[in-house]
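**Q**
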Ligand SMILES: Nc1ncnc2c1ncn2[C@@H]1O[C@H](COP(=O)(O)OP(=O)(O)OP(=O)(O)O)[C@@H](O)[C@H]1O
Ligand SMILES: [Mg+2]
């Protein structure tokens, strides 16, 4: 099938000037934490989203973060990427406190992170090809032929080589997500954060994407953080799963551990049972009272 | 009573907060203006969408404003037997005043609103966050080139506006009202001064370009990222730019009057 690696990684990396100083991309050490979240507190307005969250994400693994809708999984990824500031606590990526970094340092760190946005976030005035080429054009001085090769390889990996001339508005939701994935891996990052990579994909594409994530992880030692609701598919490839709810980690472990030994909470979540301790509703007044209009 | 005071206070705080954000935004933009040297192509592309696409409305409006000026000027001048001075009257009104001001107002409606909507939608669809996560600074990649484009195209558009206005005035004054063509041009040449008149107009349009670019980009960047937020921001761009341009015009004219 498709080869996502291509000839480029070495060339690309050696173009980054401060390469030698960056321990991150050398050998993969599965015991070293790549991302450490310590006692994280974060609120949106008066609503507390994280209340003392602790997560350690080891290098080179696939870590899944799951939890009910609206618990703050997207928010967590933005905190890791340094787009939001925590109220309290620390987010360390590769030993560096993301909040303390200068803009230049933060950008240098982000160049080695890929992020797949839940919405895709494609640049609407650029074609599919140019979208995938965007990070390459911005951060490297590769010749046009090389860029073309790299872009076509990434698009091939997500099965959209034929759609290279389309504009984002002409893509379906699932296609847009796949283009965004191709763009997220364009610079061969060492860590990729996927926000809902599988929603809106047909079963065949879903299988291809899951395999792709797995292979990037195995072959290149890419650290993957996956936020997803597709419990079965993600559990099959992930090394660790953290379930978060109510601003805290409620359960973590390997997929097998969560399947068997875990609490009622995680069993309900993993198996998608409607009844159990996991709240399905966003906090609200009593239903009857609300319907009666408080009368 | 207390409630009103409270609301007034909150409103005042809100206004000052926005003003503060607006100035911070301007500082950040200025910090990225080097983009014109490093990546002139980005600026050129925006110049096309901001400037070139505004040309048509500027040319058409300029012609009509010039034609109307000729009619109105003729009525006054002919009473004093000074109809030959029509060229001067039309040219001075355009170069000193109407060229820069009307161009800025049209610009706010045509290009400013488009800039706000574009940037607001980029924000709403997470394109700006996406760039941030790709380690690309949106201030540099998106905002600064557009700032340059708006800033540079305003004086050029104002010059074109005045030029076609003078032609429109010629068409009505000489072609329809029978003013002598030779004196239309020669009187204009003799009494429009480069430093006094043309320069003043240029200074005005440069100032308007700066303000219009700033307001349009800030409104887009600061928009609430929803369709309603973007539509409000677009309206605000047009209204605020118009008010700012008229106020600034008064101040600058007063300063230049001495
Ligand atoms: N810009 C914002 N302003 C205010 N509140 C927000 C904003 N974005 C998110 N929230 C709130 O933060 C909480 C967490 O949002 P987030 O998008 O992180 O959830 P999520 O876990 O990713 O959910 P989903 O699985 O549905 O994507 C939600 O309750 C939401 O109401
Ligand atoms: Mg989400």
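Protein chains in written order, with the numbering used here: chain A, 1 to 295; chain B, 296 to 553.
Note that CB positions come from ideal geometry on N, CA and C, so glycine has one too.
On a predicted model such as this, the values are computed, not experimentally measured, just so you know.
Look up residue 139/A in the DSSP assignment and give the residues it is bridged to.
**A** Paired residue(s): none; residue 139/A is not in a bridge.
**Q** If you reduce the DSSP assignment to three classes, tell me which class residue 384/B lands in.
**A** Three-state result, residue 384/B: helix.
**Q** With a cut-off of 5 angstroms, give the chain-ordered residues whose Cβ is closer than this to any heavy atom of ligand 1.
**A** That gives 44/A, 69/A, 70/A, 71/A, 72/A, 73/A, 74/A and 75/A.
**Q** Taking only the alpha-carbon atoms, compute the straight-line gap between residue 486/B and residue 376/B and give it to the nearest angstrom.
**A** Computed Cα separation, rounded: 18 angstroms.
**Q** How is the alpha helix (DSSP H) around residue 370/B delimited, first residue to last?
**A** That run of the alpha helix (DSSP H) goes 350–374.
**Q** At what residues does the alpha helix (DSSP H) containing residue 481/B begin and finish?
**A** Here the alpha helix (DSSP H) through residue 481/B covers 476–486.
**Q** Mark residue 465/B as exposed unless 16 or more other C-beta atoms lie within 10 angstroms of its C-beta, in which case mark it buried.
**A** Counting Cβ neighbours within 10 Å, residue 465/B comes out buried, since at least 16 surround it.
**Q** Mind checking whether residue 467/B and residue 479/B have CB atoms under 8 angstroms apart?
**A** Not a contact, by the Cβ cut-off of 8 angstroms.
**Q** Given a cut-off of 8 angstroms, decide if residue 111/A and residue 187/A are closer than it, judged by their beta-carbon atoms.
**A** Going by C-beta atoms, residue 187/A is nearer than 8 angstroms to residue 111/A.
**Q** Just the chain A side, please: which residues come within less than 8 angstroms of residue 420/B by C-beta, in chain order?
**A** Going along chain A in sequence order, the residues near residue 420/B (Cβ under 8 angstroms) are 119, 121 and 124.
**Q** I need the DSSP call for residue 42/A, collapsed to helix, strand or coil.
**A** The answer is strand: DSSP assigns residue 42/A an E or B state.
**Q** Taking only three categories from DSSP, how would you classify residue 224/A?
**A** Three-state DSSP puts residue 224/A in a strand.
**Q** In the stretch 71–95 of chain A, which residues sit with their C-beta less than 7 angstroms from some C-beta in chain B, listed in chain order?
**A** Cβ contacts with chain B: 81 and 83.
**Q** Does the beta-carbon distance from residue 227/A to residue 196/A come in below 8 angstroms?
**A** A contact, by the Cβ cut-off of 8 angstroms.
**Q** Under 6 angstroms Cβ to Cβ from residue 90/A, same chain only, skipping five residues before and after it: list those, please.
**A** Result list for residue 90/A: 38 and 97, in chain order.
**Q** Please specify which runs of the beta strand (DSSP E), each continuous and at least 3 residues long, are wholly inside the stretch 199–248 of chain A, giving them in chain order.
**A** Those beta strand (DSSP E) runs which fall completely within the stretch 199–248 of chain A and span 3+ residues are 223–227 and 240–245.
**Q** Contact between the stretch 421–430 of chain B and the stretch 307–322 of chain B is defined here as three or more beta-carbon pairs at a separation below 8 angstroms; is this criterion met?
**A** No, the stretch 421–430 of chain B is not in contact with the stretch 307–322 of chain B.
**Q** Between the Cα of residue 33/A and the Cα atoms of 94/A, 292/A and 128/A, which residue gives the shortest distance?
**A** Considering only alpha carbons, the answer is 94/A.
**Q** Checking 8 angstroms against the spacing of the C-beta atoms, do residue 71/A and residue 42/A come in under that value?
**A** No.
**Q** Any heavy atom of ligand 2 closer than 7 angstroms to the CB of residue 83/A?
**A** No - ligand 2 has no heavy atom lying nearer than 7 angstroms to the Cβ of residue 83/A.
**Q** Note the first and the last residue of the continuous alpha helix (DSSP H) segment covering residue 391/B.
**A** Looking at the DSSP string, residue 391/B is not in any alpha helix (DSSP H), and its letter there is neither H nor E.
**Q** Is the CB-CB distance between residue 536/B and residue 403/B below 8 angstroms?
**A** For residue 536/B and residue 403/B, yes; Cβs fall inside 8 angstroms.
**Q** Would the beta-carbon of residue 410/B fall within 8 angstroms of that of residue 525/B?
**A** Cβ atoms of residue 410/B and residue 525/B: not closer than 8 angstroms.
**Q** Between residue 409/B and chain A, is the shortest Cβ-Cβ distance under 8 angstroms, so that the two count as touching?
**A** By this cut-off, residue 409/B is not an interface position.
**Q** Go ahead and label residue 260/B buried or exposed: buried means 16 or more other beta carbons lie within 10 angstroms of its beta carbon, across all protein chains shown.
**A** The question about residue 260/B has no answer, for chain B in this structure spans 296 to 553.
**Q** Pairing CB atoms from the stretch 445–457 of chain B with CB atoms from the stretch 389–398 of chain B, are three or more of them under 8 angstroms?
**A** At 8 angstroms Cβ cutoff, the stretches touch.
**Q** For residue 427/B, which residues in chain A fall below 7 angstroms Cβ to Cβ?
**A** Per Cβ cutoff of 7 angstroms: 83.
**Q** Expressed to the nearest angstrom, what Euclidean distance is found between the alpha-carbon atoms of residue 539/B and residue 407/B?
**A** The alpha-carbon atoms of residue 539/B and residue 407/B are separated by roughly 13 angstroms.
**Q** With distances taken between CB atoms, is the gap from residue 224/A to residue 62/A smaller than 8 angstroms?
**A** Yes, the pair counts as a contact, with Cβ atoms nearer than the cut-off.
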